[in-house]
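Using our numbering, you'd call the opening residue of the sequence shown number 1057 and step up by one each time.
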Amino acid sequence: MAQSIFSDWHPAVPGQDIRGPCPGLNALANHNILPRSGQNLTVPTVVAALGAGVNISTEIATLLAMSALKTSDNPASGAFTLADLNKHNLIEHDGSLSRRDQGLQEGGKVTATLDEDVFDEFLKSFNGSQSVSLPAAAAARWSRIQASRKTNPHFSYTTTNRFSSYSETGVYYMVLQDPTTGTVPIDYLKILFKEERLPYVEGWRPVTPINGFSFGNTLLALAISTPEEEASDLVVAAAAS
1057 MAQSIFSDWH PAVPGQDIRG PCPGLNALAN HNILPRSGQN LTVPTVVAAL GAGVNISTEI
1117 ATLLAMSALK TSDNPASGAF TLADLNKHNL IEHDGSLSRR DQGLQEGGKV TATLDEDVFD
1177 EFLKSFNGSQ SVSLPAAAAA RWSRIQASRK TNPHFSYTTT NRFSSYSETG VYYMVLQDPT
1237 TGTVPIDYLK ILFKEERLPY VEGWRPVTPI NGFSFGNTLL ALAISTPEEE ASDLVVAAAA
1297 S
C-alpha cells in the first residue's frame, strides 16, 4: 500500500473540522482517508475508507457505517457527521476506554474528546507491559466496565452497550495487532487514542484482514477471557442481530 494514503495527517482544525467519540474514525479523518472535515459522510464513503485505511471488509464496514448513519439527525439524507456519533447509547457507550461516561459529564453531554484520566486508568491495567495480549485486552476492558459501574450512578450496560464495548476493544486489537507476535504494541495504542493517528511511521501496516469471521472470533475470545456471566452468548447474539 502506498505510503501517501497515510502521510497526509493533520489534527482537526478547531471550528472547521468535526470529530466524534471514536478514535479510529477520527484518525481516518485526520489522515484525510475519510473527509477531513468529518462531515457529509455516506455509507459508501465510510466503507471505502475503512477498507483502504484499516483493511476492514465490506461486510463489516457496511454494518459499522449503517450503525453510524442511524445517529444522523436526518438519516433519510444518507449522510452523517462524526459529531452525530456523540449520542449516548448508540455507538458511544459507558465504560469507554478513553472517554468519560455521559452520566459523569457536566450537563450530561457526550464528549468527543479523550479524557486523560480515563485513558491513563485504562493503560494502568497493562502494568507497564510494552505489548497487549488478547487476555490483557479483555482484562483492561472489564476493568473499565467495573470502574464505570462503581462511579456512574446512571451506568448503562444493555446487550447493545455490551456489544459496543467488546467491539471497541476488538477493533483496536485487530487493527493494531502485530501479525508476527499476535499482540498490540502499547505505543501503537497510545498513538491511535491520544494522537488519533495511524502509526504508519512507527512501522504499523494494515496487513490483517478484518472480516465477519475473524471479528466474531476475536469478540468471542475476548468474552471467554472475561469473568462475565454468559458474556460469550450475549456477544454472539448481539453480533447476529
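Glycine residues also receive a C-beta, built at the ideal position from the N, C-alpha and C atoms.
Using CA coordinates, which residue listed in the options is at the minimum distance from residue i?
i: D1176; options: G1163, L1153 and E1284; result: L1153
i: P1241; options: A1193, F1269, S1223 and E1285; result: A1193
i: L1170; options: G1071, Y1256, H1087 and I1247; result: I1247
i: T1225; options: R1205, I1201, G1164 and D1157; result: I1201
i: A1279; options: Y1228, R1218 and W1260; result: R1218
Determine whether the beta carbon atoms of residue i and residue j lie at a separation below 7 Å.
i: V1110; j: V1231; result: yes
i: L1141; j: P1077; result: yes
i: S1187; j: S1199; result: no
i: P1116; j: G1238; result: According to the sequence displayed, residue 1116 carries Ile and not Pro. Against a cut-off of 7 Å, the Cβ pair of G1238 and I1116 comes out as no contact.
i: Q1072; j: T1137; result: no
i: W1065; j: R1253; result: yes
i: L1084; j: A1104; result: no
i: F1249; j: P1079; result: yes
Could you tell me the distance, in whole angstroms, from the CA atom of residue i to the CA atom of residue j?
i: G1107; j: T1098; result: 14 Å
i: L1125; j: D1150; result: 20 Å
i: M1057; j: E1285; result: Because the pLDDT at M1057 is just 40, under 50, the model does not fix this residue reliably, and the value given afterwards should be weighed accordingly. So the alpha carbons of these two residues sit roughly 42 Å apart.
i: A1068; j: A1139; result: 13 Å
i: F1211; j: I1147; result: 15 Å
i: Y1256; j: S1223; result: 23 Å
i: D1129; j: R1156; result: 23 Å
i: F1178; j: A1196; result: 6 Å
i: L1160; j: V1166; result: 9 Å
i: K1143; j: T1118; result: 20 Å
For residue i, name the three-state secondary structure that DSSP assigns.
i: S1123; result: helix
i: A1058; result: The predicted model places A1058 with a pLDDT of 43, which falls under 50 and marks its position as unreliable, so this point remains unresolved.
i: L1097; result: strand
i: P1079; result: helix
i: I1116; result: helix
i: I1266; result: strand
i: V1257; result: coil
i: V1231; result: helix
i: Q1072; result: coil
i: F1219; result: helix
i: W1198; result: helix
On the DSSP bridge list, what partners appear for residue i?
i: H1144; result: E1148
i: V1240; result: V1188
i: A1135; result: T1098
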